[in-house]
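Here's the structure we're looking at; comments come further down.
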Amino acid sequence: MESRRNTDAFTMVEIALCLGVIAIALVAIIGVLPTGVRVQKDNREDTVINQEGLLWLEAIRSGAQGLDYLTNYVDTITISNKTGLTNFYNQALGGTPPPPPNANALTNGQTIIGLLTYPKVTTLGNTFLTNLVVARVRAISGSAADKGPSQTTRDFAFGYRIISEVVSVSVYPPEYLDPNAPGITAQESASRTNRARLEPENVPDVDQRPGAGRSGGEKPGAAFYFYPGAMRPRRIPTFIARADRGAFTVVELLVAISVLSLIVLVLYGLFDQVQKALRSNVAQVDVLEGGRSAMLLMSGELEQMQAGNVPVSTNLYIALTAAPYQQVLVDTNRINVLQQLFFLSHFNKSWIGTGYRVLSLNTNGIATAFANQGVGTLCRYSFSVNDSDFPYLASSPNLPGPRSDLFWQVMNQALNPTPSNLTNYQPVVGGMVHFRVRAFDNNGLLITNNLITNMLSGVMMATNVFNKDVEYAYAFTNRALPSSLEVQMGILEPHVLERLKSMPPLAAGRYYSNQVGAVHLFQQRIPIRAAK
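Written out as structure tokens, the structure reads:
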């Protein structure tokens, strides 16, 4: 019989308890990860809904007819009331095929906008019907990797619902809601107001316990939940045998080292994921806030655009500054475009010319050239003159004669390819890989050089074709202005941008073409209030 020793070693139960405590700590740390992911998800949802809410409201308000690209994002539209419901499907996106003769198909943008302007209250004989109009939409902005035509990529795109309400304008106090009340003019009776509510689609939460979801104003909970009493410590039975040996054996040491190595590896992988999540959150916040700020700045300025009403003056100018770049997507390629923009505005007794360009900056942060490698910094420059000097500004160097135009003061489009005033431009947001502005007429149709449709007086145009994609350059002169502008931005994530800057041009081009998932898109539709 083996002799007993006076000193004791750890028993297997004690080692198991230690491992259990470490496991509980790991579970607690892992429980933090879903919270970080949820914050990232909420931030993305807020950005997408805030951006696209304005886009949809403006499209509905103006009754836009030419937004056919909406068919790439709208899955279904449902109009329901107490008599039943009517579904409209997007057959091209894999929805349920509509009944013949395709009366309920979403085939163009005019149909989509028309359904979203369906009145909330209609009449059927002597009965009033309250209609609920709901559209299921995939995000227009967000990651560029979700915007391909493939159904697989669309499945990963953020989805939300639009609940549109078009109701009569209350021209009297609330107690007078009769649209046929005496004294109401025809214009007042025909006026309508539109409300659109955008809300994320309901996605099952990881934590299914009561009170853990986001619906109904409830607070989100942790992904792991321990019920009361589940972690109550228990007394170790006293009948457990104590170890007789006074030291660890080689086998025990090997087991302990193996367990510690496993714990270290698990912790390393865990903290690596936490670090990636935190960096991703920081990058996303930088990109989303930068895009929102730039879009807000540009929207406020473009909305106040005015025509100079002077012969041969340039009120709005849009043109390419570099050849488009392609990025690889599933089943297709995405084309990123870089344009420059100039417009006039009038405040008090001053005319202001403002220009936006995507430029390359030197190490001192000063703009030196156009961004010809597909990525640059969106920069802004403005120049103002008073009303009395506006008609007598200096003429263009290659167009002699009097020319009342701020365009040449801001854009400096001389004969040499690189304007000399680029150093005057101030940075707005970096990592710009896509900047496109398109002009629309009062019917919501894209302004083209087609004489049959909407070639307007005072508008000079040019076209460029890249892989069947037509890009238009505009110069609105005299009194001409578009009814609305559509601004698109694509911003590259900071860590990809820094790596791109360290590469030679050829390698950078190959690397950039495969980073479509790191591009975040923003899109806004801006009405021009002074357009006639």
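For the sequence shown, position 295 matches number 294 in numbering that gives the first Met the number 0, and the numbering has no gaps at all.
Even for Gly, the Cβ is constructed at its ideal location relative to N, Cα and C.
Computed from a prediction, not measured in an experiment: that's the story for all the values here.
- When the alpha-carbon of LEU445 is set against those of ARG498, ARG524, THR77, the nearest one is in ARG524.
- Shown here, PHE389 sits in a helix according to DSSP, grouped into three states.
- Under the DSSP definition of a beta bridge, GLU492 lacks any partner.
- Annotated three-state conformation of VAL432 is strand, per DSSP.
- When secondary structure is reduced to three states using DSSP, THR362 falls in the coil class, being assigned neither helix nor strand.
- A distance below 7 Å between beta-carbons, with the five flanking residues on each side excluded, links VAL286 to the following residues of its chain, in chain order: ILE490, GLU492, HIS519.
- Per DSSP, the beta bridge partners of ASN463 are GLU470.
- Distance from the CA atom of HIS494 to the CA atom of GLY516, rounded to whole angstroms, is 13 Å.
- Between ALA138 and ALA306, the beta carbon gap of about 35 Å keeps them out of contact (Cβ cut-off 8 Å).
- Around the Cβ of GLU288, a 10 Å sphere holds fewer than 16 other Cβ atoms; the residue is exposed.
- Judged by their CB atoms, VAL166 and ILE76 are not nearer to each other than the 9 Å cut-off.
- Secondary-structure assignment with DSSP links GLU485 through a beta bridge to ARG437, ARG524.
- Secondary structure of GLN372 (DSSP, three-state): coil.
- The three-state reading of DSSP puts THR422 in helix, counting H, G and I together.
- CA-CA distance, MET431 to PRO390, rounds to 35 Å.
- Within the model, the alpha-carbon separation for ASP45 versus ILE162 is close to 17 Å.
- A Cβ-Cβ separation of about 4 Å places GLY354 in contact with VAL409 under the 8 Å criterion.
- Three or more beta-carbon pairs separated by less than 8 Å are not found between the stretch 503–517 and the stretch 338–350, which leaves the two stretches without contact.
- Within the DSSP bridge table, the entry for TYR316 names PHE341, ALA474 as partners.
- With respect to TYR380, GLN326 sits apart: the two C-beta atoms are not nearer than 9 Å.
- If you draw a straight line from the Cα of GLU251 to the Cα of THR10, it is about 10 Å long.
- Residue pairing of LEU377 in beta bridges, as defined by DSSP: VAL357, VAL428.
- In the same chain as LEU315, and ignoring 5 residues on each side of it, the C-beta atoms closer than 6 Å to its own belong to PHE342, PHE475, in chain order.
- Here the alpha carbon of ALA479 sits roughly 11 Å from the alpha carbon of MET304.
- Here GLN326 carries a strand assignment [DSSP, helix/strand/coil].
- Non-local beta-carbon contacts of PHE127 in its own chain, meaning distances under 7 Å to residues more than five positions away in sequence, involve VAL120 in chain order.
- Following the DSSP letters along the chain, one finds PHE127 in no alpha helix (DSSP H) but inside the beta strand (DSSP E) bounded by residues 126–129.
- For SER79, there is no enclosing alpha helix (DSSP H); the residue is found in the beta strand (DSSP E) stretching over 73–80.
- For ASN89, the CB contacts under 8 Å within the same chain, skipping 5 residues up- and downstream, are THR70, VAL73, ASP74, THR75, ALA104, LEU105 in chain order.
- In the displayed model, LEU66 falls within coil according to three-state DSSP, outside both helix and strand.
- Residue burial annotation: VAL428 is buried, with at least 16 other C-beta atoms found within 10 angstroms of its C-beta.
- When secondary structure is reduced to three states using DSSP, VAL12 falls in the helix class.
- In the DSSP assignment, LEU84 falls within the unbroken beta strand (DSSP E) covering 83–88.
- Annotation for LEU505: the continuous alpha helix (DSSP H) segment containing it runs 504–512.
- One thing to note: GLY62 has its Cβ within 9 Å of the Cβ of ILE112.
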